[in-house]
Amino acid sequence: MGNKNQSFNPVKEEKDGVLARRMVWSTEALKLATKGLEDGRKLVANPFYENNIKLLKGDLVFQRTDEERAEWKRCATDIIYFVNKYCKLMTPEGIKNVTLRDYQEHYLQHLMDNRLSIYLACRQCGKTTTSALFMLHYILFNVDKNALVLGNKRKTAVEILDKAKKIFIELPYFLRPGIYKWNEGEIVLDNGCRLMAEATTINSGISFTFHCVLADEFAHIQPNIIDKFYNNLFPTITAGKARFMITSTQNGYNLFYRLCKAAEARENEYGFFKTDWDEVPEWNPDLKCWEKRDEEWHRMQVANYGSEEAFNKQFGTNFDVNANTLIDTKIIRRFEKESVEFIRRELPGVSYSEYFFWHPNYELSEMKKDYFVITTDIAEGVSGDDTVYTFNRLRVRTNDNFIYTETIGFFKCNTVNAEQATRILKEFCQNYLDINNYLISLEYNLYGELFAKYIIENIEKDPMNVHRFNEDVIMKYWNDEMTKYTLGKKITTKTKQLGTALFKQHFEREEVVNRSLQFMAQISNFSDTKGNGTYAASFGHDDLVMAQLQMAFVFENPQFKSLSQMFIANKGIQEVNSTYNPYDTSDFNPMSYFGSLQNNDNPYAFNQFDFGQFETNENLRRLRGL
16 MGNKNQSFNP
26 VKEEKDGVLA
36 RRMVWSTEAL
46 KLATKGLEDG
56 RKLVANPFYE
66 NNIKLLKGDL
76 VFQRTDEERA
86 EWKRCATDII
96 YFVNKYCKLM
106 TPEGIKNVTL
116 RDYQEHYLQH
126 LMDNRLSIYL
136 ACRQCGKTTT
146 SALFMLHYIL
156 FNVDKNALVL
166 GNKRKTAVEI
176 LDKAKKIFIE
186 LPYFLRPGIY
196 KWNEGEIVLD
206 NGCRLMAEAT
216 TINSGISFTF
226 HCVLADEFAH
236 IQPNIIDKFY
246 NNLFPTITAG
256 KARFMITSTQ
266 NGYNLFYRLC
276 KAAEARENEY
286 GFFKTDWDEV
296 PEWNPDLKCW
306 EKRDEEWHRM
316 QVANYGSEEA
326 FNKQFGTNFD
336 VNANTLIDTK
346 IIRRFEKESV
356 EFIRRELPGV
366 SYSEYFFWHP
376 NYELSEMKKD
386 YFVITTDIAE
396 GVSGDDTVYT
406 FNRLRVRTND
416 NFIYTETIGF
426 FKCNTVNAEQ
436 ATRILKEFCQ
446 NYLDINNYLI
456 SLEYNLYGEL
466 FAKYIIENIE
476 KDPMNVHRFN
486 EDVIMKYWND
496 EMTKYTLGKK
506 ITTKTKQLGT
516 ALFKQHFERE
526 EVVNRSLQFM
536 AQISNFSDTK
546 GNGTYAASFG
556 HDDLVMAQLQ
566 MAFVFENPQF
576 KSLSQMFIAN
586 KGIQEVNSTY
596 NPYDTSDFNP
606 MSYFGSLQNN
616 DNPYAFNQFD
626 FGQFETNENL
636 RRLRGL
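For the sequence shown, the residue numbers in this note's numbering are 16 to 641.
Structure, rendered in structure tokens:
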């Protein structure tokens, strides 16, 4: 059997007594050393940190094979490949290779692409594991970098560090740096990188230079320290161009909520990511497999927790457990899954074109063939609220000939005044739309009036209508007293309440379709927070929503009916009663309807021989005099 206490040298060409750090190690040499220890032999040169065969001492000379070098380089640049091929964890079936779910792959790539990131996660989605994988990859394949995991409790942070350590020890030797320090709260590697775990305090992260910081369960940090902590840490993150990742489950209307909503609406620098409960599979112990969570699972969990509210507190991602949002949260969640981020496109001939955003699948070259309602919300233009246009094209469902509108683009800018806004929209319309195929609906407030005034001035400067832009495209509405028409809809407390109720119906029935992520971020935040029937953004902006809300009044407008009839005729389809129309006649002409109201109470009355000329219009004369 031999003497098990005899010395064993795994590197044959080396002489006895040479220190491990002076030897050239390889995967094969380490395997021999491991076998020697397992056989009870004493190593002349021991490469293992504290005799743990899973950990190597710092500063070992390690010679990789050509294949190992190629794999190391690929792992360094492709985190998904690294995780799927080399990372192992304990599973219900024992230690297995990590199998990333689709949303986990997307999240890891999201972290690679965004220096600042915020993650709204449901419970049991594997947030801890995914965070640990990213932090481990960061310290493995960088040099001289400090990484920090912060948790609402120290236990939370240590759990992520511990997960990273468990993955580390299952890696092949050629991917493992040597160890200088390895304890409950810190890993220090011989590539100069370290990973620390701490509880969040007011001064967390500011006494040390960190290049990558993860703040886990951010929404659950004590309310009395969260703002001070963030205000102390974030400037150091920004100054040092460090990576900063915020992850958490929802926990009411706090700083995490505000940062999430701003990120979702693209109003801050954070990349936004979210995982809902129905994206997470459930382990079936009987069948020993993962199963998709469905509505039956949801129904059972609601029954188990006692209420939808209690379920949402554990698994929800909508922040709306106790909020009275205009749109039902289940519908919002369903529509969010169908949504896409609207993107910028080049718009030759249009000022401020960088503030236009379009559905990525919509071809702008097709716009002159489509029929549109453009809804507007004009702001002051002093870096406060945004001036917004939404471009809503008429669509028809092929199965039942149902007419609806679909938003395919929007303009959003907070630095243009009413005059500039008029010029921008005029430039866009004359270059990209057919004047016979669109209407403009605006809010009749101070800036809406100015907008209309500038439109009229532009028309007067262009009597031959070379640019094909006139006031006939502006929708006229009765005032609240039903005494006169105005260029635009006057929004009062009464009309806003009516409009929000009507819009809710139209939107939830998919009569008004807007699937931009930017809009969905605002509508999910549009709540009656005071309980008085008045809806507004509970945080941030609601300009996209307010512009879109006008569709509630558009559907009841006779000019819209006329545009719809033209659309129907162009499509060669049978008209159906898809929307409420109080002026429904077989030969309806909206302008003749206005003409039939020739009296002193109708400021838009005109002679049939002067079609479109409003010379007797007292309101227009007043606008010209503004």
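Where a beta carbon is used, it is the ideal one built from N, C-alpha and C, also for glycine.
- A contact between stretches requires three or more CB pairs, one per stretch, nearer than 8 angstroms, and the segment 119-135 fails this requirement with the segment 56-66.
- L131 is a Cβ neighbour of G286, given a cutoff of 9 angstroms.
- With a cut-off of 8 angstroms on Cβ pairs, the segment 163-170 is not in contact with the segment 313-323, counting fewer than three such pairs.
- Taking a C-beta distance under 9 angstroms as the contact criterion, L270 and S542 do not qualify as a contact pair.
- The Cβ atoms of I240 and T264 do not sit closer than 9 angstroms to each other.
- A distance below 9 angstroms separates the beta carbons of L151 and I182.
- In the same chain as K178, and ignoring 5 residues on each side of it, the C-beta atoms closer than 7 angstroms to its own belong to T143, T144, A147, in chain order.
- Considered as a whole, the segment 131-214 harbours 142-155, 169-183 as its complete alpha helix (DSSP H) runs of no fewer than 4 residues, in chain order.
- A Cβ-Cβ contact shorter than 9 angstroms links E395 with Y462.
- DSSP places R308 outside both helix and strand once states are collapsed to three, so it counts as coil.
- Of the other Cβ atoms in all chains shown, 16 or more fall within 10 Å of the Cβ of D557; this residue is therefore buried.
- No Cβ-Cβ contact shorter than 9 angstroms links D392 with A277.
- When the Cα atoms are used, K545 and N339 turn out to be separated by approximately 9 angstroms.
- Here the C-alpha atom of L248 lies approximately 31 angstroms from the C-alpha atom of N327.
- By the neighbour-count criterion, in which a residue is buried when 16 or more other Cβ atoms sit within 10 angstroms of its Cβ, N414 is exposed.
- S380 carries a helical assignment under DSSP once its states are collapsed to helix, strand and coil.
- Shown here, L104 sits in a strand according to DSSP, grouped into three states.
- Across the structure, R258 and F233 are spaced so that their CA atoms are roughly 16 angstroms apart.
- For A230, the enclosing beta strand (DSSP E) covers residues 227-231.
- Counting only runs of at least 3 residues, the segment 502-528 fully encloses no beta strand (DSSP E) element at all.
- Judged by DSSP in its simplified three-state form, R360 adopts coil rather than helix or strand.
- As DSSP reads the structure, W298 sits in a beta bridge with W305.
- The segment 373-380 makes contact with the segment 353-361, as at least three CB pairs between them are under 8 angstroms.
- Taking C-beta atoms as the reference points, R438 and E421 fail to come closer than 9 angstroms.
- By DSSP's assignment, K256 forms no beta bridge with any residue.
- Separation of M497 and I450 (C-alpha to C-alpha, rounded to the nearest whole angstrom) is 29 angstroms.
- The beta carbon of I221 sits closer than 8 angstroms to the beta carbons of N247, L248, T251 from its chain, once the five residues preceding and following it are set aside; these are given in chain order.
- Taking a cut-off of 8 angstroms for Cβ pairs, the segment 42-55 and the segment 85-97 do not touch, as fewer than three such pairs fall below it.
- The C-beta of P187 has fewer than 16 other C-beta atoms within 10 Å across all chains shown, which makes the residue exposed.
- Judged by DSSP in its simplified three-state form, V431 adopts coil rather than helix or strand.
- In this structure, the CA atom of L457 is about 54 angstroms from the CA atom of K160.
- In this structure, I583 is the residue among T224, I583, E174, F97 with its C-alpha nearest to the C-alpha of R412.
- Boundaries for R56: no beta strand (DSSP E) harbours it, and the DSSP string shows neither H nor E there.
- Secondary-structure assignment with DSSP links F372 through a beta bridge to F425.
- Annotated three-state conformation of I68 is coil, per DSSP.
- Under the DSSP assignment, Y272 falls in the alpha helix (DSSP H) whose first and last residues are 270-279.
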